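When we follow the UniProt record's numbering, the leftmost residue of the sequence shown carries the number 1, and every step to the right adds one. Every residue gets a Cβ at the ideal spot worked out from N, C-alpha and C, and that includes glycine. Treat the numbers as computed from the prediction; the structure is a model and nothing was measured. For reference, the structure discussed in these notes is given below.
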Amino acid sequence: MITLEMGKPIAQARGEVAKSANLCDWYAEHGPAMLATEATLVENNQAVIEYRPLGAILAVMPWNFPVWQVMRGAVPILLAGNSYLLKHAPNVMGSARLLGEIFAAAGLPDGVFGWVNATNDGVSQIINDDRIAAVTVTGSVRAGKAIGARAGAALKCVLELGGSDPFIVLNDADLDEAVKAAVTGRYQNSGGVCGVETLYSRSRHCRGLHPQICRRRGSAEDGRPAR
């Protein structure tokens, strides 16, 4: 489903699913201890720290990791006793539906994990619903600003916004390895990554870097992600 919807190579899609399964195993083992009541002292008086659910959480998620991006948030959110409403990217709604079926098959009660295909106006209406306690967003800076403004001061808002990690080639770098790493880092996951968005090099490699990157990129095979 991942490969069919957003074009990720099948090996990377399988790796994303395996990583998500490992996440579930980790939280199953460690989650209860993380949520356990903690005894503490406040001004020499005994007190306890309790972790209580917020309620219904709206999650606006991107297309580039359609399973992992959901699972890494949904699993701890659900474990903490909250419900989770997924608004996925429009081009990966099949993945959203499949995740809903997986949670249902695992025994999650109806209404605890849900998904919705909503427009921007629809998202605004959901945010304004009194039943929504918090919003979490992974997306562009523009999307984060818009959703943060809609959420206002009334809702807890967690934003993971666009990255622009640079790639720096120093004078003592192995040029062949640098070219390989730059092309792989920029084009992996069908380009849906936050790395190698800008490239800087010292003077020693300036002339050789660009043509080698172009040659390596030109030799890559496109359009057959299911292989």
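Test item: CB-CB of residue i and residue j under 8 Å
i           : j           : result
residue 84  : residue 59  : yes
residue 216 : residue 183 : yes
residue 114 : residue 100 : yes
residue 209 : residue 158 : no
residue 189 : residue 64  : yes
residue 118 : residue 87  : yes
residue 136 : residue 57  : yes
Close beta carbons around residue i, own chain, < 8 Å, minus the five adjacent residues each side
i           : result
residue 236 : Within the shown structure, residues of the chain are numbered from 1 to 227, placing residue 236 beyond reach of any answer.
residue 17  : 2, 67
residue 212 : 175, 176, 179
residue 214 : none
Nonlocal neighbours in the same chain, by C-beta distance under 7 Å from residue i, ignoring five residues either side
i           : result
residue 141 : 161, 162
residue 150 : 124, 127
residue 80  : 35, 51, 53
residue 148 : 157, 159
residue 143 : 137
Rounded separation between residue i and residue j - CA only
i           : j           : result
residue 155 : residue 61  : 18 Å
residue 198 : residue 104 : 42 Å
residue 98  : residue 194 : 26 Å
residue 201 : residue 171 : 8 Å
residue 228 : residue 152 : Absent from the structure is residue 228, since the part of the chain shown begins at 1 and ends at 227.
residue 96  : residue 102 : 10 Å
residue 204 : residue 111 : 59 Å
residue 46  : residue 167 : 51 Å
residue 38  : residue 69  : 30 Å
residue 15  : residue 42  : 46 Å
residue 73  : residue 20  : 11 Å
residue 187 : residue 5   : 17 Å
residue 33  : residue 181 : 40 Å
residue 219 : residue 173 : 23 Å
residue 22  : residue 106 : 15 Å
Proximity to residue i [Cα-Cα], best of the options
i           : options           : result
residue 31  : 19, 78, 14        : 78
residue 109 : 82, 90, 120, 130  : 82
residue 165 : 147, 152, 185     : 185
residue 7   : 92, 37, 143       : 92
residue 131 : 187, 55, 121, 191 : 55
residue 13  : 214, 219, 192     : 192
residue 120 : 146, 106, 22, 107 : 146
Near the ligand FMN: residue i beta-carbon under 7 Å from a heavy atom
i           : result
residue 126 : As for the ligand FMN, it is missing from this structure, which has no ligand bound.
Close-in-space but distant-in-sequence residues of the same chain around residue i (CB under 6 Å, 5 per side omitted)
i           : result
residue 89  : 62, 63
residue 116 : 87
residue 196 : 167, 182, 185, 186
Do the segment 166-185 and the segment 49-67 meet, that is, are 3 or more Cβ pairs less than 8 Å apart? no
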